[in-house]
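If you read the sequences in order, they're chains E, C and Y.
If you use numbering that gives the first Met the number 0, the first sequence corresponds to residues 0 to 105, in order.
If you use numbering that gives the first Met the number 0, the second sequence corresponds to residues 0 to 304, in order.
If you use numbering that gives the first Met the number 0, the third sequence corresponds to residues 0 to 372, in order.
Down below is the structure, laid out as C-alpha cells.
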Amino acid sequence: MSSPPIWRLAPGQRLVHRCHDGECVLFNDLTGDTHLLGQDVLDVLGALRDMPRTAAGLAQDAGAALDPEWCAELDELLADLAALDLIAPDLIAPGLIEPLPGTQPC
Amino acid sequence: MLTVASLGERELRARLRGPGLRLQTGPFVTCVHSPLAPLAATLGTMYGDYPVLEEGALADFHVRLSGSTGLRRFLRPQVHFHYDGMAPFQPLPLDQAFPMFEWAMNWCVSSQANSWLVIHAAVIEKDGLAAILPAPPGSGKSTLCAALVNRGWRLLSDELTLVRLDDGKIDPLPRPVSLKNASIGIIRDYAPAAAFTRPVADTVKGTVAHMRASSDSVARAGQAAAPAWIVFPKWQAGAAAELTPVPQARAHMRLAENAFNYSLLGETGFHTVARLVDEVRTFDFHYSVLDDAIAVFERLLAERA
Amino acid sequence: MTQPMHLPPAPHLPRFPLLLRALREPGAMGGFSERDWDLLLRQALASNLAATLCLLADEHGMLAALPARVQRRLGWARTVWQRHLQAVDLELGKIRHALGETGLPLILLKGTAYAAAGLPASAGRLFSDIDLLVPKERLPEVESALMLHGWAGSHHDDYDQRYYREWMHELPPLQHMRRASVIDVHHAILPETAAVRPDPARLRAAARAIPGRAGFHMLAPCDMVLHSAVHLFSEGEYHHGLRDLFDLHRLFCHFGADPGFWAALPGRARELELARPLCYALRYCTRLLGTPVPASVMEAARDGMPNPALLALMDGLFLRALQPPHPSCADAFDPAARAALYIRGNWLRMPPLMLSRHLFHKAFVSPKAEPAQ
Chain E
0 MSSPPIWRLA PGQRLVHRCH DGECVLFNDL TGDTHLLGQD VLDVLGALRD
50 MPRTAAGLAQ DAGAALDPEW CAELDELLAD LAALDLIAPD LIAPGLIEPL
100 PGTQPC
Chain C
0 MLTVASLGER ELRARLRGPG LRLQTGPFVT CVHSPLAPLA ATLGTMYGDY
50 PVLEEGALAD FHVRLSGSTG LRRFLRPQVH FHYDGMAPFQ PLPLDQAFPM
100 FEWAMNWCVS SQANSWLVIH AAVIEKDGLA AILPAPPGSG KSTLCAALVN
150 RGWRLLSDEL TLVRLDDGKI DPLPRPVSLK NASIGIIRDY APAAAFTRPV
200 ADTVKGTVAH MRASSDSVAR AGQAAAPAWI VFPKWQAGAA AELTPVPQAR
250 AHMRLAENAF NYSLLGETGF HTVARLVDEV RTFDFHYSVL DDAIAVFERL
300 LAERA
Chain Y
0 MTQPMHLPPA PHLPRFPLLL RALREPGAMG GFSERDWDLL LRQALASNLA
50 ATLCLLADEH GMLAALPARV QRRLGWARTV WQRHLQAVDL ELGKIRHALG
100 ETGLPLILLK GTAYAAAGLP ASAGRLFSDI DLLVPKERLP EVESALMLHG
150 WAGSHHDDYD QRYYREWMHE LPPLQHMRRA SVIDVHHAIL PETAAVRPDP
200 ARLRAAARAI PGRAGFHMLA PCDMVLHSAV HLFSEGEYHH GLRDLFDLHR
250 LFCHFGADPG FWAALPGRAR ELELARPLCY ALRYCTRLLG TPVPASVMEA
300 ARDGMPNPAL LALMDGLFLR ALQPPHPSCA DAFDPAARAA LYIRGNWLRM
350 PPLMLSRHLF HKAFVSPKAE PAQ
C-alpha cells in the first residue's frame, strides 16, 4: 500500500500572478501557459510553496479534515494542478511522518 | 518627404516591377514587388500619403504579388503571394490581388513582429487616449472602427494593435480599413467623402472592400498613444448601446486569446497584458445603431476629462 | 539506378555571399551597409540563421552598434529561439519522467543535445523534433512508455510504418497529443539499409552524461561531430545545409580546444566507417567557413577522400547546395544540384532497387499534406 504523497510546488514555479476580486491569472513557468484560477486555488499553491503538505495536512490547515466532500474536492484539485505541472508529488516512506492524533485520513 | 502619390504612376509601376517599392507603414518598411498593373493602381490610391524610401534602404519585409504564368494567365488567372522566395498562402483569383496584399501585410507583422505584443484588434485614439477593440471575425469590429474614424477618432490600426513591451504604449500602424458585405454600404453612407476600393466578390470572407486611411492618421503614424479602454464589441440587431464591465482576470485571459504572440513572448507577454489590464477599463459592448455606439465612446472620453 | 547528372566543373573559388562572410567572420558585420543588411537579413531568414546571427553579433560586442532596424529584426528571431529553449526544457523533463523507469541512459542527438548541454552550437539554433538514441532491443519498451505518457504514433500508412521500422533507423515520429511536440527515437545513426553501418553500441558506450541534466547523455565529442557530418552529407534535403555546416564549424571550434579531440578524430572516423563524411566535413568547413583545423588532421583525413573525379562532382554539388537557400545565392544550376543531391541522399541510405519503389509510393499513394493557408 502506498503512502499519500507530499505535495510541493513543481520545481521552477515562482507563482507569478495577478489577483482581482477573487479571480487570479497565473503564469506557469514550466509550460508557459497562463491559467485562470480562483483565489482559493492560488492560496493552496501559496501554502504548498511555504510548506509542502499532504492532502491531509492541507485539510487540517483549512479546518476541513473531517469533511469528506471537501477532501474529495481537494484531491481532485490536486490532481488537476499536478496535470498542469503546477505541483508535483514526493512519495514519503511509510512511518516517516505520523498522522496527527485525532485526524481522519483524507 | 517622398510619398507614393509624389512618385507618379509611371515611377510607381517601375519600382514595383523592378527594384521594389519600399513602403513605410507605421514602424515597418516593406519592399513590395509586383508586375500587376491593377494592383499598382490601387496601391497608388490607397497608399498615396504613405512615405516611400530609396532603393537600398533596409526593409523589414519583402513581399511579391505576381500573376500566373503560361496558359493559366488566360483561364481563371490567379495572384500568388511570395514572402522572399517562400509561398505561405495558396494563390487566389487575380481580382483579389489587393485584399491578398492586405492579408499578406498583416501576416508579415502578426507572424514576426516580436518586439510588440500584437493583438488582433482595432485601435483608435482621441485626446491622446486609445481604445482597443479586440474581436473575432463577425463581431462588427471593423464597421465600428470605420465609423469612429469618420467621427473624429484617429485610426491607429484596423487589425493589428501593437503594444510596446517596455512601456505598454500603442504604436500606430494605420492602413486601409477592410469592410465586408453589408458593412460596405453602411459605411459608404456614413462617410460619403471617404475613398473606397471597388468591392471584390467571392473572397473567403464574402465581398470585401477597403476604405483609405485619412491623411491625418498617416501623417501621425509616429505618434504613440496611451491605452485607456478595451472594448469587446458585438453588433446585435436591435440592441441598445450598452457597456458591461469585464472582470480584470477575465479581461487578461480574453486579451491573451486575441494576441498572436502572447505565448511566444512567455513571461513578458504575461506582464504586458497584466499591465495593460491594470491601466485600462475593460468592457463588453453591445450595440446596433452606429450613432448610439459613437455616443458611448464620447461619454467614455468625457469621463476621463 | 539513377545516373548522376553531368554538371559543369565547380567554380575555382567558392562564392562568399554576405551570410557566409558574416558566419566566417562575425566581426565583419560591423562594417556592413544598410543595403548589405537588407540582403543579409533575407539570406539569414531563408537559412534559419537569423537568431544565430543575433547571438554572434552580441557575442562579438557589436549588436548595439548595428542599425536600429537590424537590431530589432534580429531580436524578433532571438525571441523565438528563447521561447524554443523553454519548450525544450519542458519536453526533456517530460521525457525523463516517461522513460525514467526503463533505467536507460537517455542519449540526446543533434540540436537537442546541443541545447541540453548548452554548447556554442546551440546558440540561435531551432529544431523541430527531439532526437533520442536507444538500443534497438529496447525500442518496444521505449515506445510503450512514451505512448503511455501521451505521445502518439504518426505515419499510420503501413508503408510508412515499414519505411521507418524496417529500413530506416528510427521509430516513426511520435507526437504528443496535447503539446504537439515530436520525438524521434533512433536506434542507430544510419539506416538498416545503408551501405555503411557505424555500430550504435560503440556510440552508446562512449556517450557521456550531460552536466546538470540528470538522466540525459550526449555522444562523445568525436562521435557528435561524426554524426553531424554523416547526417549532413547523406541527407536528401539541403534547406538546412548551411545551418548544419555551421553546426559542424562550431563543434569543431569548441571541441578543437582540446588537442586530444583532433588526435582521436581520424581514427574514430575509420573505426565507425565514417571517414568519407569526415573528409567532406573538413573540406567544406575549411573552404566555406574558414574553420581552423590542424594540418595533421587534414592530412590524416585524406584516407576518406573519394577519387578526384567524384570529388570534383561532389564539390560542384555541395558548394552550391551549402550556399544560403535564397534567390540571391542561386545560380542557374542550383535546381539541378539540389535534385541530384536529393537522389544521392536517398541512394546512400537505401539500396537502388528500394529507392525507386519508395519515391514512387510517396508520389502517388501517400495522402498529400494540407497546403498551408
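Positions of the beta carbon are idealized from the N, C-alpha and C atoms, including for glycine.
Beta carbon proximity, residue i to chain C, threshold 8 Å
i, result
"P366 of chain Y", "Confidence at P366 of chain Y is low in this model, with a pLDDT of 44, below 50, so the placement of that residue is unreliable and no value is reported for it."
"D20 of chain E", "yes"
"E33 of chain Y", "yes"
"V181 of chain Y", "no"
"R275 of chain Y", "no"
"R7 of chain E", "no"
"G74 of chain Y", "yes"
"T78 of chain Y", "yes"
"I86 of chain E", "no"
"P350 of chain Y", "Below a pLDDT of 50, predicted positions are generally treated as unreliable, and P350 of chain Y, at 44, falls in that range; no measurement from the model is reported."
"H379 of chain Y", "Since the first residue shown for chain Y is 0 and the last is 372, residue 379 of chain Y is missing from the structure and cannot be characterised."
Contact with chain Y by residue i, beta-carbon distance below 8 Å
i, result
"L29 of chain E", "yes"
"H61 of chain C", "yes"
"P4 of chain E", "no"
Alpha-carbon spacing of residue i relative to residue j, whole angstroms
i, j, result
"L347 of chain Y", "G102 of chain Y", "Because L347 of chain Y sits at a pLDDT of 48, beneath the cut-off of 50, its placement in the model cannot be relied upon, and the point is left open."
"V217 of chain C", "R211 of chain C", "10 Å"
"M167 of chain Y", "A86 of chain Y", "28 Å"
"A200 of chain C", "Q95 of chain C", "8 Å"
"P366 of chain Y", "H154 of chain Y", "Because P366 of chain Y sits at a pLDDT of 44, beneath the cut-off of 50, its placement in the model cannot be relied upon, and the point is left open."
"D126 of chain C", "D157 of chain C", "19 Å"
"L300 of chain C", "A129 of chain C", "10 Å"
"Q160 of chain Y", "P171 of chain Y", "6 Å"
"Q77 of chain C", "K204 of chain C", "17 Å"
"C252 of chain Y", "L316 of chain Y", "25 Å"
"L132 of chain Y", "H239 of chain Y", "22 Å"
"R303 of chain C", "G37 of chain E", "31 Å"
"P134 of chain Y", "D183 of chain Y", "14 Å"
"R242 of chain Y", "R137 of chain Y", "32 Å"
"C144 of chain C", "R14 of chain C", "33 Å"
"L263 of chain C", "A273 of chain C", "16 Å"
"D109 of chain E", "A21 of chain Y", "The displayed coordinates of chain E run from 0 to 105. Any statement about residue 109 of chain E would go beyond what the structure contains."
"P323 of chain Y", "L48 of chain Y", "10 Å"
"G25 of chain C", "P173 of chain C", "6 Å"
"A194 of chain C", "G66 of chain C", "26 Å"
"A43 of chain Y", "Y158 of chain Y", "37 Å"
"A4 of chain C", "Y46 of chain C", "8 Å"
"L19 of chain Y", "A81 of chain E", "48 Å"
"A308 of chain C", "E75 of chain E", "A query on residue 308 of chain C cannot be resolved here, the shown segment of chain C reaching from 0 to 304 and no further."
"A255 of chain C", "Y261 of chain C", "6 Å"
"P156 of chain Y", "P139 of chain Y", "The sequence shown places Asp at residue 156 of chain Y, rather than the Pro named in the question. When rounded, the distance between both Cα atoms is 19 Å."
Cβ of residue i within 8 Å of any chain E Cβ
i, result
"Q85 of chain Y", "yes"
"L44 of chain Y", "no"
Sheet register partners of residue i (DSSP bridge)
i, result
"G66 of chain C", "C:V78"
"Q235 of chain C", "BP columns for Q235 of chain C are empty, so no partner."
"Y279 of chain Y", "Y279 of chain Y pairs with nothing; no bridge assigned."
Pull out every residue of the segment 31-56 of chain E whose Cβ sits closer than 7 Å to any Cβ of chain C, in chain order. G31, T33 and L35
Check each residue of the segment 69-89 of chain C: if its Cβ is closer than 8 Å to any Cβ of chain Y, include it; give the result in chain order. D83, G84, M85, P87, F88 and Q89
Quick check: the segment 230-237 of chain C against the segment 137-157 of chain C, are at least 3 beta-carbon pairs closer than 8 Å? yes
Would you say the segment 57-67 of chain E touches the segment 113-125 of chain Y, given that touching needs at least three Cβ pairs under 8 Å? no
Please name the residues in the segment 99-115 of chain C whose beta-carbon is closer than 7 Å to at least one beta-carbon of chain Y, in chain order. Q111, A112, N113 and S114
Using a Cβ-Cβ cut-off of less than 7 Å, list which residues of the segment 89-100 of chain Y approach chain E; keep chain order. L89
Taking a Cβ distance cut-off of 9 Å, strictly less, list which residues of the segment 242-268 of chain C are near chain Y, in chain order. N260, S262, L263, L264, G265 and T267
Under 7 Å (Cβ pairs) to chain E, residues found in the segment 273-285 of chain C: A273
Taking 8 Å as the threshold, find out whether the segment 37-55 of chain Y comes into contact with the segment 277-296 of chain Y through three or more Cβ pairs. no
Does the pairing of the segment 20-27 of chain E with the segment 234-254 of chain C give three or more beta-carbon distances under 8 Å? yes
Check whether the segment 107-123 of chain C and the segment 149-156 of chain C touch, using three or more Cβ-Cβ pairs below 8 Å as the test. yes
Taking any Cβ of chain C, which residues in the segment 65-84 of chain E have a Cβ under 9 Å from it, in chain order? none
How do the segment 52-64 of chain C and the segment 294-306 of chain Y stand: do at least 3 beta-carbon pairs fall below 8 Å, yes or no? no
Output needed in chain order: residues of the segment 38-58 of chain C with a Cβ under 9 Å from some Cβ in chain Y. E54, G55, A56, L57 and A58
Do the segment 25-41 of chain C and the segment 100-110 of chain C make contact, defined as three or more Cβ pairs closer than 8 Å? yes
Counting pairs of Cβ atoms below 8 Å between the segment 35-49 of chain C and the segment 3-17 of chain C, do you hit three or more? yes
Contact between the segment 65-78 of chain Y and the segment 146-153 of chain Y is defined here as three or more beta-carbon pairs at a separation below 8 Å; is this criterion met? no
Does the segment 88-107 of chain Y touch the segment 205-213 of chain Y, meaning 3 or more C-beta pairs lie closer than 8 Å? yes
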